[in-house]
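A short write-up of the structure that comes next.
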Amino acid sequence: MVKFEIKNRIGLKIVGEVLRPENPIGLSFVMHGLSGYKEEFHIDLIANILFENNYIVINFDATNSRGESGGKYEDATMQKHYDDLIDVINWSKTQNWYQEPFVLAGHSMGGFAVTKYAEEFPFEVKAVFSFAAPYSGKDNLETHNKFRPEEIKEWKETGWMYKTSNSKPGFELKLPWSHMEERLKHDLKPMAHKITMPILFVVGEDDKSCPPSDQKKFYDLLPEDTIKEVHVIKGASHVFRTIEQLESLKIIFNNWLKNLK
């Protein structure tokens with residue numbers, strides 16, 4: 699593993715790592731979600747499975763997250779998350795190990811970013827793993843209103859939402875209401891027909907942030923001949939935490955990778 703550090707388009711530091719197997723068969727990029735970081739259990743698992751399947755893996759901390767990269771969490775937006783992915787891919791294009799087409803994998807807001815990239819640059823992408831992603835800001839707000847109406851009401855009225863990190867105790871998660879307003883600018887559904895490469899969906903049965911119903915809305919818009927599969931994991935929420943849930947993720951993703959042409 700080799701660490702790298704670059705600057706994104708607005709001068710913030712992005713820190714990541716490159717995993718290079720002895721005999722690579724391709725290149726891949728892994729992207730965590732909002733408030734995530736590259737060492738999270740499910741992100742690390744995805745990166746390691748790609749490596750074990752002989753893919754070069756680029757796993758990085760987006761800016762405005764909890765990892766080693768620059769920026770403040772409260773400044774995170776869907777567009778900035780996506781821009782970081784583009785900037786990392788563009789940097790990769792200057793490296794001697796770069797190759798196309800590549801595999802993209804992302805969780806939550808990272809899943810949004812990799813799916814958007816596949817829509818905008820389909821000929822660069824071999825396959826997409828979209829793990830519990832939001833595809834429409836409007837749908838996402840409706841989901842929040844359905845499952846957490848009081849939280850949304852308070853967030854909008856006070857202008858801020860405060861949470862404590864489950865995986866990093868003591869790390870306060872503070873987001874302005876403008877974050878949700880920015881989400882409303884995004885909708886991947888109108889360009890779903892661009893997803894002609896194989897795509898894998900995995901989501902928790904009890905996900906209250908990006909539920910199976912939201913995944914289905916996007917899935918149903920994909921071209922008929924697109925190779926696609928969806929897995930709903932029993933008892934899992936938005937972030938997979940138990941050994942059983944992570945093992946299910948491992949088996950599904952590993953099998954999918956091995957079946958890629």
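Numbering (the working numbering), first residue to last: 699 to 959.
Think of the CB as a built atom: it goes at the ideal place given N, C-alpha and C, for glycine as much as any other residue.
Since this is a predicted model, take the numbers as computed values, not measurements.
- Task: Enumerate in chain order the residues of its own chain whose CB-to-CB distance from Y796 is below 8 Å, with the five nearest sequence positions on each side excluded.
- Result: Here the question's residue 796 lines up with position 98 in the sequence shown. Result list for Y796: L725 and S790, in chain order.
- Message: Please state whether the Cβ-Cβ distance between F916 and L886 is less than 8 Å.
- Response: Here residue 916 refers to the residue found at position 218 when the sequence shown is read from its first residue. Here residue 886 refers to the residue found at position 188 when the sequence shown is read from its first residue. Taking the C-beta atoms as reference points, L886 is found nearer than 8 Å to F916.
- Message: If the criterion is Cβ atoms closer than 8 Å, does the pair G857 and D904 meet it?
- Response: The sequence position of residue 857 within the sequence shown is 159, counting from 1. The sequence position of residue 904 within the sequence shown is 206, counting from 1. No, Cβ-Cβ distance for G857 and D904 is not below 8 Å.
- Just checking my contact of N752 with I723 at CB under 8 Å: how many whole Å lie between their CB atoms? Start at 1 with the first residue of the sequence shown, and residue 752 comes out as number 54. Start at 1 with the first residue of the sequence shown, and residue 723 comes out as number 25. Contact flag correct, Cβ pair sits at about 5 Å.
- With DSSP as the reference, label G724 as helix, strand or coil. Reading the sequence shown from its first residue, position 26 is the one you call residue 724. Strand at G724.
- Query: To the nearest angstrom, how far is it from the Cα of E750 to the Cα of I925?
  - Reply: Counting from 1 along the sequence shown, the entry for residue 750 is found at position 52. Counting from 1 along the sequence shown, the entry for residue 925 is found at position 227. Roughly 23 Å between the two C-alpha positions.
- What separation, rounded to the nearest whole angstrom, lies between the Cα atoms of V801 and I747? Here the question's residue 801 lines up with position 103 in the sequence shown. Here the question's residue 747 lines up with position 49 in the sequence shown. About 12 Å.
- Query: Alpha carbon to alpha carbon, what distance is there between G714 and F829?
  - Reply: In the sequence shown, residue 829 corresponds to position 131, counting from 1. In the sequence shown, residue 714 corresponds to position 16, counting from 1. Their backbone Cα atoms lie some 20 Å apart in a straight line.
- Message: Beta-carbon within less than 8 Å of S863's beta-carbon, same chain only, minus the 5 sequence neighbours each way: which residues are those?
- Response: The residue labelled residue 863 in the question sits at position 165 within the sequence shown. Cβ neighbours of S863 beyond the five flanking positions: S733, R764, F869, E870 and L871.
- Task: Less than 8 Å between the CB atoms is what I'm expecting for A811 and Y780, so what's the real figure, rounded?
- Result: As a first step, residue 811 is located in the sequence shown; it is residue number 113 there, counting from the start. As a first step, residue 780 is located in the sequence shown; it is residue number 82 there, counting from the start. With a Cβ gap of about 4 Å, A811 and Y780 count as contacting.
- Message: Using only the alpha-carbon positions, how far apart do F827 and N953 sit?
- Response: Locating residue 827 in the sequence shown gives position 129, where the first residue counts as 1. Locating residue 953 in the sequence shown gives position 255, where the first residue counts as 1. Rounded to the nearest angstrom, the two C-alpha atoms are 12 Å apart.
- Query: What are the boundary residues of the alpha helix (DSSP H) that includes T856?
  - Reply: The residue labelled residue 856 in the question sits at position 158 within the sequence shown. Start and end: P847 to T856.
- Message: Taking a contact to mean a Cβ-Cβ separation below 8 Å, would you say E880 touches M776 in this structure?
- Response: Locating residue 880 in the sequence shown gives position 182, counting from the first residue. Locating residue 776 in the sequence shown gives position 78, counting from the first residue. Cβ distance < 8 Å, so E880 and M776 count as in contact.
- Exposed unless 16 or more other CB atoms sit within 10 angstroms - verdict on L710: Along the sequence shown, read from residue 1 onward, the residue named residue 710 stands at position 12. With 16 or more Cβ atoms within 10 Å of its Cβ, L710 is classed as buried.
- Query: Taking all protein chains shown into account, do 16 or more other C-beta atoms lie within 10 angstroms of the C-beta of Q793, making it buried, or fewer, making it exposed?
  - Reply: Here residue 793 corresponds to residue number 95 of the sequence shown, with the count starting at 1. Looking at its Cβ environment, which holds fewer than 16 other Cβ atoms inside 10 Å, Q793 is exposed.
- Query: What's the gap between the Cα of D837 and the Cα of S907?
  - Reply: Locating residue 837 in the sequence shown gives position 139, counting from the first residue. Locating residue 907 in the sequence shown gives position 209, counting from the first residue. Whole-angstrom Cα-Cα distance: 10 Å.
- Item | Given N788 as reference, the closest of D742, F727, G731 and K824 once Cα atoms are compared | As a position in the sequence shown, residue 788 is number 90, starting the count at 1. Residue F727 is the option with its Cα nearest to N788.
- Message: Just checking P722 against the ligand ZN - is the residue's beta carbon closer than 7 Å to any of the ligand's heavy atoms?
- Response: What this structure holds is no ligand at all, so the ligand ZN is not there to describe.
- Item | Backbone CA spacing between K883 and Y833 [nearest angstrom] | In the sequence shown, residue 883 corresponds to position 185, counting from 1. In the sequence shown, residue 833 corresponds to position 135, counting from 1. Taking the straight line joining both Cα atoms gives about 11 Å.
- List the endpoints of the continuous alpha helix (DSSP H) containing S876. Taking the first residue of the sequence shown as position 1, residue 876 is located at position 178. Counting along the chain, the alpha helix (DSSP H) containing S876 begins and ends at W875 to R881.
- Out of P909, E922 and Q913, which has the shortest C-alpha to C-alpha gap to K892? By 1-based counting over the sequence shown, the position of residue 892 is 194. It is E922.
- Query: How would you write the range of the beta strand (DSSP E) that S828 sits in, first residue to last?
  - Reply: Your numbering for residue 828 matches position 130 in the sequence shown. Start and end: V823 to F829.
- Query: With burial defined as no fewer than 16 other Cβ atoms inside 10 Å of the residue's Cβ, what is the status of T940: buried or exposed?
  - Reply: Here residue 940 is taken as the residue at index 242 of the sequence shown, counted from 1. T940 should be labelled exposed.
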